[in-house]
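Numbering (mature numbering (1 follows the signal peptide of the UniProt record, and there is no 0)), first residue to last: -39 to -1, 1 to 484.
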């Protein structure tokens, strides 16, 4: 990961303390013991009282976190409870657009001893990408994987085996589907959730209300696109198809009488009737609106009371992964040249280059990594963890040209389509490492459109062997052959495509910045 992104996603580490080896295995109640504090004969109430800090080394804390979902950087918060022991975690799937955000409930749960994570889906609240139900579901899965990572256990004491998913409104069916498909989810809370049968394709039911999803907070949302997306994945979204997969799980259906609670029998058998056959179901209706605006305290007490009854596994932390060691790949210079270029999968990019005679790969969020091989034309990134999707196979045509990469993960294989023989650098990368010979090809003068603002884009100064480029006056940009790096603007969103002619010489530069495209013609 490059330094800028590392700063964005870094945590302030808390050294984890392992639980004693004498902990018994098996199930216990999902009750976190925020030690009761006697004060004038009263027991501590996390709904109404601030906590007493019992361990100054591990106080309650709110972390800003970042993780990737299909190549899109998503941001959120983790409300970490106090204490060094592993903590059960509540993962919140937000509604549409979810103006309340649930921060008040998150703080109450944190005071009660639970970790709480909330984040924004793709295409919502300033996140890149497009909002659809399927994209949101994949984002929720990515958030779950983030919580179960070694880093989350180390820094926030997240217990990977004791996660409850909490879905509000449109997030309700997201939470239910995740709980059904992920055996390690301990329970699920659906807070006045949407009954997905309202979106059932080709039902012919003219009494159903039209789906209207409009919000300035989710500008990419489109009711027709979302409906079509659900229709193409209806088997996965149909509540009846995954009800049996909730076997043995704890489930809380909490309704708002003036919200979706008035529609619990509108589209066929109630969800409680379907889910109650196999799960440990609790259902309750509060006399409030869809936002629970006048019942936040009642909401918090209901959720806390239910959580205490959820069985959980013995507390644990994610173990540190073991790095895989591979032998260096043995390819000729001509073979390695075939791999150089940019590859794309669902908006996510993979880059391959030759550096100091070795093949290297990187994605938008990583530093360049040395490539190692298992066999001919099949390689992994050196030092990557075994469970990561680092096993990559090159697919060639009859002439030996690379058409795509297949990235082999534990559950699926993904095709990376070859889109360019040049490196289309992503805006997240602050600089580009390259050999002197490579950088020399970029040296020269390029004409720049007069309409473009050039001030501050690049500068030139001598700093040892490194030069940082900025445009001189006159509407031209001079790119210099640098010894280590070619500087690319860190501010704003900018990507540069260096285009070669048939002889392999740089003919011009195409640059996209802040939604506009510019061309620098070589002079």
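Idealized CB from N, CA, C, for every residue including glycine.
How is the beta strand (DSSP E) around residue i delimited, first residue to last?
{"i": "residue 33", "result": "33 to 41"}
{"i": "residue 211", "result": "211 to 217"}
{"i": "residue 243", "result": "241 to 247"}
{"i": "residue 208", "result": "Residue 208 -> no beta strand (DSSP E), and no H or E assigned at all."}
{"i": "residue 161", "result": "Segment: none, residue 161 is in no beta strand (DSSP E) and carries neither H nor E."}
Cα-Cα, which of the options is closest to residue i?
{"i": "residue 51", "options": "192, 196, 80", "result": "80"}
{"i": "residue 137", "options": "200, 161, 18", "result": "200"}
{"i": "residue 108", "options": "96, 125, 97", "result": "125"}
{"i": "residue 266", "options": "251, 90, 17, 243", "result": "243"}
{"i": "residue 251", "options": "230, 223, 123, 261", "result": "223"}
{"i": "residue 43", "options": "241, 96, 14", "result": "14"}
{"i": "residue 159", "options": "127, 150, 195, 30", "result": "195"}
{"i": "residue 115", "options": "46, 221, 142, 12", "result": "46"}
{"i": "residue 270", "options": "18, 239, 185, 212", "result": "212"}
{"i": "residue 112", "options": "24, 89, 10, 17", "result": "24"}
{"i": "residue 197", "options": "233, 157, 221, 27", "result": "157"}
{"i": "residue 11", "options": "62, 59, 56, 69", "result": "69"}
Going straight from the alpha carbon of residue i to that of residue j, what length do you get?
{"i": "residue 480", "j": "residue 275", "result": "60 Å"}
{"i": "residue 120", "j": "residue 110", "result": "10 Å"}
{"i": "residue 466", "j": "residue 312", "result": "20 Å"}
{"i": "residue 485", "j": "residue 293", "result": "Lying before the first or after the last residue shown, residue 485 is absent from the chain, which here runs from -39 to 484."}
{"i": "residue 279", "j": "residue 117", "result": "11 Å"}
{"i": "residue 264", "j": "residue 8", "result": "11 Å"}
{"i": "residue 217", "j": "residue 22", "result": "31 Å"}
{"i": "residue 214", "j": "residue 49", "result": "20 Å"}
{"i": "residue 248", "j": "residue 53", "result": "23 Å"}
{"i": "residue 94", "j": "residue 129", "result": "14 Å"}
{"i": "residue 236", "j": "residue 146", "result": "16 Å"}
{"i": "residue 190", "j": "residue 78", "result": "26 Å"}
{"i": "residue 464", "j": "residue 33", "result": "36 Å"}
{"i": "residue 207", "j": "residue 152", "result": "17 Å"}
{"i": "residue 241", "j": "residue 132", "result": "20 Å"}
{"i": "residue 234", "j": "residue 144", "result": "22 Å"}
Assign residue i to one of three DSSP states: helix, strand, or coil.
{"i": "residue 91", "result": "coil"}
{"i": "residue 18", "result": "coil"}
{"i": "residue 8", "result": "coil"}
{"i": "residue 233", "result": "helix"}
{"i": "residue 445", "result": "Here the model assigns residue 445 a pLDDT of 37, short of 50, so the residue's position is not dependable, and the following value carries that caveat. Residue state, collapsed to three classes: coil."}
{"i": "residue -29", "result": "At residue -29, the pLDDT of 20 sits below 50, so the modelled position is not reliable and the matter cannot be decided from this model."}
{"i": "residue 27", "result": "strand"}
{"i": "residue 225", "result": "coil"}
{"i": "residue 58", "result": "coil"}
{"i": "residue 83", "result": "coil"}
{"i": "residue 111", "result": "helix"}
{"i": "residue 274", "result": "strand"}
{"i": "residue 302", "result": "strand"}
{"i": "residue 137", "result": "helix"}
{"i": "residue 199", "result": "coil"}
{"i": "residue 480", "result": "strand"}
Quick one: give me the first and last residue of the alpha helix (DSSP H) that residue i is part of.
{"i": "residue 50", "result": "It is not in any alpha helix (DSSP H) - residue 50 instead sits in the beta strand (DSSP E) that spans 48 to 54."}
{"i": "residue 65", "result": "64 to 72"}
{"i": "residue 152", "result": "Taken as a continuous stretch (DSSP letters only), residue 152 belongs to no alpha helix (DSSP H), being part of the beta strand (DSSP E) at 146 to 152."}
{"i": "residue 127", "result": "Residue 127 -> not in any alpha helix (DSSP H); beta strand (DSSP E) instead, spanning 119 to 129."}
{"i": "residue 266", "result": "257 to 268"}
{"i": "residue 188", "result": "184 to 193"}
Compute the beta-carbon to beta-carbon distance between residue i and residue j, rounded to the nearest angstrom, for a pair I have assumed lies under 8 Å.
{"i": "residue 141", "j": "residue 203", "result": "4 Å"}
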